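This is how it looks when you write it as structure tokens:
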């Protein structure tokens, strides 16, 4: 599969794969952390803080209701005027907190309840202000009647809606928690699966890479040892074009060259042996001829001595 890829390319692929795996796992982790952070932010900014603000609104709303009751039942108008002043200040704080609350992220059901409370509260404050006006004008009987028969039911309706909004904050916060928990479980499963798959693929790829490198190297070592021991008859098969394949091809070429050189040396040795035999034969023939000539010279010398002796005798 990877036979025609260089070792460098294989290592680059392996490192790139591990880097990609690291990025995927890191991305999953960062994504999960980001979503968890967003969930916590929602729980705090859109649920916990509004829950406290709604609680303060209920508290101040109850105080406005108490002020209206005090004003309607007070024996003097001054008490009603003081109660009205305190109520107006409470209205300012309630409006600020309500405006802050309505700027938070709301579910459709929560938005519907908020709109309902907004209408109910305006209806109540209108009736309450009538009670205050009557009390400040010392018309306490009419103020009491308005407070109990008109303002009180409207206040109860508005307060009930506030209680529902508070309950909804807890329900939505619980839903956000469960969503975050589910998201965490999903992210964990995906991360574990990615890690397991990545490790399996990395192990498989590493095994293939190691085998693709070590097997040809073992063959190269075996070949080199055989050549060192004088065995030039080994069969060399090249199955790849990578660095190890190139090494095997070079060893194959070297072995072929050594076979050629040894053949040439052997042929030269045989030629030298034939020439040596011919030279030895020529030397033997020359020696025989030399001995024959020496024998002839000895015979000639002997004849010359006899001739000299004969001539000497004749001279005497």
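In this note's numbering, the protein residues as written are 2 to 317.
All residues carry an ideal CB built from backbone N, CA and C; glycine is no exception.
Predicted, not measured: the structure shown is a model, and the values here were computed from it.
Practice problem: Determine the burial state of residue 109: buried for a count of at least 16 other Cβ atoms within 10 Å of its Cβ, exposed for fewer. | Solution: If you number the chain shown from 1, residue 109 lands on position 108. Counting Cβ neighbours within 10 Å, residue 109 comes out exposed, since fewer than 16 surround it.
Practice problem: Would you kindly report the start and end of the unbroken alpha helix (DSSP H) that includes residue 139? | Solution: Along the chain shown, read from residue 1 onward, the residue named residue 139 stands at position 138. Element bounds for residue 139: n/a, residue is neither H nor E.
Quiz item: Is residue 45 buried or exposed, if buried means 16 or more other CB atoms sit within 10 Å of its CB?
Solution: As a working note, residue 45 is residue 44 in the chain shown. Burial is judged here by how many other beta carbons sit within 10 angstroms of a residue's own beta carbon; residue 45 has fewer than 16 and is exposed.
Practice problem: Starting from residue 219, trace the alpha helix (DSSP H) both ways and give me its first and last residue. | Solution: Reading the chain shown from its first residue, position 218 is the one you call residue 219. Segment 153-229, the alpha helix (DSSP H) holding residue 219.
Quiz item: Taking 8 angstroms as the cut-off, does the CB of residue 122 come closer than this to any heavy atom belonging to the ligand SAH?
Solution: The ligand SAH is not part of the structure shown, which contains no ligands of any sort.
Quiz item: Could you check where the alpha helix (DSSP H) with residue 47 kicks off and where it finishes?
Solution: To locate residue 47, count along the chain shown from 1; it is residue 46. From DSSP, residue 47 is part of no alpha helix (DSSP H); its letter is neither H nor E.
Quiz item: Using DSSP with H/G/I as helix, E/B as strand and the rest coil, what is residue 61?
Solution: For this step, residue 61 is matched to residue 60 along the chain shown. Of the three classes helix, strand and coil, the one that applies to residue 61 here is helix, per DSSP.
Quiz prompt | Assigned secondary structure, residue 236 (DSSP; H/G/I helix, E/B strand, else coil) | solution = Residue numbering aside, residue 236 sits at position 235 when the chain shown is read from its first letter. Residue 236: coil per DSSP, three-state reduction.
Quiz prompt | Top-ranked residue by Cα proximity to residue 48, from 103, 8 and 77 | solution = The residue you call residue 48 lines up with position 47 of the chain shown. With respect to the C-alpha of residue 48, the residue from 103, 8 and 77 having the closest C-alpha is 103.
Quiz prompt | residue 77 (DSSP reduced to helix, strand or coil) | solution = Taking the chain shown and counting its residues from 1, the one referred to as residue 77 is at position 76. Looking at residue 77 - three-state DSSP - the assignment turns out to be coil, as it is neither helix nor strand.
Quiz item: Going along the chain, which residues of its own chain have a beta-carbon closer than 8 angstroms to the beta-carbon of residue 30, five neighbours each way excluded?
Solution: Position 29 of the chain shown, counted from the start, is the residue given in the question as residue 30. 188 and 192, listed in sequence order.
Quiz item: Cβ atoms of residue 137 and residue 72: under 9 angstroms apart, would you say?
Solution: Position 71 of the chain shown holds residue 72. Position 136 of the chain shown holds residue 137. Yes, the Cβ-Cβ distance between residue 72 and residue 137 is below 9 angstroms.
Exercise. Find the nearest neighbour of residue 253 within the set 265, 268 and 232, judged by alpha-carbon distance.
Key: To locate residue 253, count along the chain shown from 1; it is residue 252. The option with the nearest alpha carbon to residue 253 is 232.
Quiz item: With distances taken from CA atoms, which of 23, 213 and 146 is nearest residue 11?
Solution: The sequence position of residue 11 within the chain shown is 10, counting from 1. Nearest of 23, 213 and 146 to residue 11, Cα basis: 213.
Quiz item: In three-state DSSP terms, what is residue 107?
Solution: The count along the chain shown starts at 1 and reaches residue 107 at position 106. Residue 107 falls in the coil class under three-state DSSP.
Practice problem: Please determine, among 237, 289, 164 and 167, the residue with the shortest C-alpha to C-alpha distance to residue 221. | Solution: Locating residue 221 in the chain shown gives position 220, where the first residue counts as 1. Out of 237, 289, 164 and 167, 237 has the C-alpha closest to the C-alpha of residue 221.
Quiz item: Out of 70, 227 and 210, which has the shortest C-alpha to C-alpha gap to residue 151?
Solution: Along the chain shown, read from residue 1 onward, the residue named residue 151 stands at position 150. Among 70, 227 and 210, the Cα nearest to that of residue 151 is on 70.
Practice problem: Determine, using beta carbons only, whether residue 121 and residue 162 come nearer to each other than 9 angstroms. | Solution: On the chain shown, position 120 is the one that residue 121 refers to. On the chain shown, position 161 is the one that residue 162 refers to. Contact: yes.
Quiz item: For residue 24, does the count of other Cβ atoms within 10 angstroms reach 16, so buried, or fall short, so exposed?
Solution: Your numbering for residue 24 matches position 23 in the chain shown. With fewer than 16 other Cβ atoms within 10 Å, it is exposed.
Quiz item: Helix, strand or coil for residue 6 per DSSP?
Solution: Here residue 6 refers to the residue found at position 5 when the chain shown is read from its first residue. Looking at residue 6 - three-state DSSP - the assignment turns out to be coil, as it is neither helix nor strand.
Quiz item: Do you know whose CA, among 43, 147, 80 and 273, lies nearest residue 130's CA?
Solution: Your numbering for residue 130 matches position 129 in the chain shown. Residue 147 is the option with its Cα nearest to residue 130.
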